[in-house]
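Numbering (full-length UniProt numbering), first residue to last: 1 to 240. In this text, a Cβ means the ideal position worked out from N, Cα and C, and glycines have one as well. From a predicted model like this one, the values you see are computed outputs, not experimental measurements.
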Ligand code: ADP
Ligand code: MG
């Protein structure tokens with residue numbers, strides 16, 4: 001689904017990504033872990049061109065993203081992203097937060113967009129919040145709505161950048177439950193997270209990044225039990 005070859009990203013004089021090579025298969029759940037500042041967010045943001053790669057290639061579903069004539073809007077329709085800060089539109093009701101992109105970007109009719117939004121709300125158990133404003137929701141509810149809003153575009157891939165890091169601890173579980181369900185339904189997902197339990201249980205593969213490189217990647221059971229690289233061992237000894 002996604003092929004990344006020799007991806008680098010430089011901000012000013014600082015090379016933040018130093019040559020990332022990896023690929024993500026359809027239906028795969030890849031969990032990205034690593035210390036703060038290791039380039040995890042920059043990597044995700046390059047995948048959907050929120051950042052322009054400095055060099056290297058990304059091919060998404062057969063389409064080169066790093067070419068001049070990439071249609072960024074089409075790409076973003078097919079790649080949903082969920083951030084640490086939920087970024088809901090504060091002045092829009094929940095239902096309108098979810099329907100706005102399909103209506104504006106895909107020309108979905110109001111009735112269709114609402115029907116899809118209600119199905120998504122039902123799936124995350126928040127159909128009773130359709131007419132609420134974001135300020136009336138808890139953090140966990142906001143993040144579940146942010147996931148539903150991304151899903152409303154019917155993306156082929158979902159990218160998550162520390163989706164539970166801004167939540168009070170008691171709300172982390174409800175968001176991880178939605179993500180776990182999505183994985184179970186076969187969604188292709190790239191998830192940056194510090195939730196090692198989630199990585200172990202839901203991840204097909206864990207990628208450990210440090211210093212702008214992928215230091216090690218493996219199935220969770222083997223990466224957590226027998227990390228090969230000293231830096232992976234050191235990181236895991238601090239977080240597990
Ligand atoms: P992580 O998500 O792993 O914490 P980031 O990808 O956010 O790491 O950041 C990696 C490095 O790149 C950090 O040193 C950060 O300061 C730097 N960086 C990220 N975004 C920018 C930017 N827009 N301009 C300059 N430096 C940046
Ligand atoms: Mg980050």
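Next item on the list: Go through its chain and collect everything with a Cβ distance to residue 108's Cβ below 6 Å, but skip five positions before and after it.
Entry: Start at 1 with the first residue of the chain shown, and residue 108 comes out as number 108. Closer than 6 Å at the Cβ level, and outside the excluded window around residue 108, lie 102.
Margin query: What does the Cβ neighbour count give for residue 117, buried or exposed, with the cut at 16 atoms within 10 Å?
Written below: Locating residue 117 in the chain shown gives position 117, where the first residue counts as 1. So residue 117 ends up on the buried side.
Check: Which residue comes first and which comes last in the alpha helix (DSSP H) that contains residue 47?
Finding: Taking the chain shown and counting its residues from 1, one reaches residue 47 at position 47. From DSSP, the alpha helix (DSSP H) with residue 47 extends over 40 to 47.
Check: Between the region 13 to 21 and the region 60 to 69, do three or more beta carbon pairs fall short of 8 Å?
Finding: Too few Cβ pairs lie closer than 8 Å, so no.
Check: How many Å lie between residue 55 and residue 231 at the Cα?
Finding: Position 55 of the chain shown, counted from the first residue, corresponds to residue 55. Position 231 of the chain shown, counted from the first residue, corresponds to residue 231. Cα-Cα distance, rounded: 26 Å.
Next item on the list: Rounded to whole angstroms, what's the CA-CA distance from residue 87 to residue 5? Just pull it up for me.
Entry: In the chain shown, residue 87 corresponds to position 87, counting from 1. In the chain shown, residue 5 corresponds to position 5, counting from 1. So the two alpha carbons sit approximately 30 Å from each other.
Next item on the list: Give the straight-line distance between the Cα atoms of residue 168 and residue 162, rounded to the nearest whole angstrom.
Entry: Taking the first residue of the chain shown as position 1, residue 168 is located at position 168. Taking the first residue of the chain shown as position 1, residue 162 is located at position 162. Answer to the nearest angstrom: the Cα atoms are 13 Å apart.
Next item on the list: Quick one: using the 10 Å Cβ neighbour count with 16 as the cut-off for buried, is residue 136 buried or exposed?
Entry: Walking along the chain shown from the start, residue 136 turns up at place 136. Counting Cβ neighbours within 10 Å, residue 136 comes out exposed, since fewer than 16 surround it.
Item checked: Every unbroken alpha helix (DSSP H) inside the region 43 to 123 [4 residues or more] -> As far as the region 43 to 123 is concerned, its whole alpha helix (DSSP H) runs of at least 4 residues are 72 to 78, 94 to 106 and 110 to 123.
Note to self: Within a Cβ cutoff of 6 Å, which residues of the same chain sit near residue 40, ignoring the five residues on either side of it in sequence?
What the structure shows: Within the chain shown, residue 40 is the residue found at index 40, counting from 1. Excluding positions up to five away in sequence, the list reads 32, 34, 192 and 209.
Notebook entry, point to check: Per DSSP, residue 218 forms a beta bridge with which residues?
Noted result: By 1-based counting over the chain shown, the position of residue 218 is 218. BP columns for residue 218 point to 206.
Item checked: Residue environment, residue 228, which counts as buried when at least 16 other CB atoms sit within 10 Å -> One-based indexing of the chain shown puts residue 228 at position 228. So residue 228 counts as exposed.
Check: If you draw a straight line from the C-alpha of residue 172 to the C-alpha of residue 11, how long is it?
Finding: By one-based count along the chain shown, residue 172 stands at place 172. By one-based count along the chain shown, residue 11 stands at place 11. For residue 172 and residue 11, the distance between alpha carbons rounds to 32 Å.
Next item on the list: Classify residue 126 as helix, strand or coil using the three-state DSSP reduction.
Entry: For the purposes of this step, residue 126 is taken as the residue at position 126 of the chain shown. The three-state secondary structure of residue 126, taken from DSSP, is coil.
Next item on the list: Quick one: using the 10 Å Cβ neighbour count with 16 as the cut-off for buried, is residue 53 buried or exposed?
Entry: Indexing the chain shown from 1 puts residue 53 at position 53. Only buried fits residue 53, as 16 or more other CB atoms lie within 10 angstroms of its CB.
Notebook entry, point to check: Thinking C-alpha only, which one of 82, 84, 79 and 49 is nearest residue 69?
Noted result: Indexing the chain shown from 1 puts residue 69 at position 69. Closest in C-alpha terms to residue 69, from the list 82, 84, 79 and 49, comes 49.
Margin query: Out of 82, 233 and 104, which one is the CA nearest neighbour of residue 166?
Written below: Looking up residue 166 in the chain shown gives position 166. Selected option, being the one with the closest Cα: 82.
Next item on the list: Would you mind sorting residue 143 into buried or exposed? The rule is 16 or more other CB atoms within 10 Å of its CB.
Entry: Within the chain shown, the letter at position 143 stands for residue 143. Under this definition residue 143 is a buried residue.
Note to self: Taking 8 Å as the threshold (C-beta atoms), are residue 224 and residue 189 in contact?
What the structure shows: Taking the chain shown and counting its residues from 1, one reaches residue 189 at position 189. Taking the chain shown and counting its residues from 1, one reaches residue 224 at position 224. Against a cut-off of 8 Å, the Cβ pair of residue 224 and residue 189 comes out as no contact.
Check: How about residue 58 and residue 17: are their beta carbons less than 8 Å apart?
Finding: Taking the chain shown and counting its residues from 1, one reaches residue 58 at position 58. Taking the chain shown and counting its residues from 1, one reaches residue 17 at position 17. Cβ distance not < 8 Å, so residue 58 and residue 17 don't count as in contact.
Next item on the list: Return helix, strand or coil for residue 232, following the three-state DSSP convention.
Entry: As a first step, residue 232 must be located in the chain shown, where it is residue number 232. In the three-state reduction of the DSSP assignment, residue 232 falls in the helix class, which pools H, G and I.
Next item on the list: Give the straight-line distance between the Cα atoms of residue 153 and residue 134, rounded to the nearest whole angstrom.
Entry: To locate residue 153, count along the chain shown from 1; it is residue 153. To locate residue 134, count along the chain shown from 1; it is residue 134. Cα-Cα distance, rounded: 20 Å.
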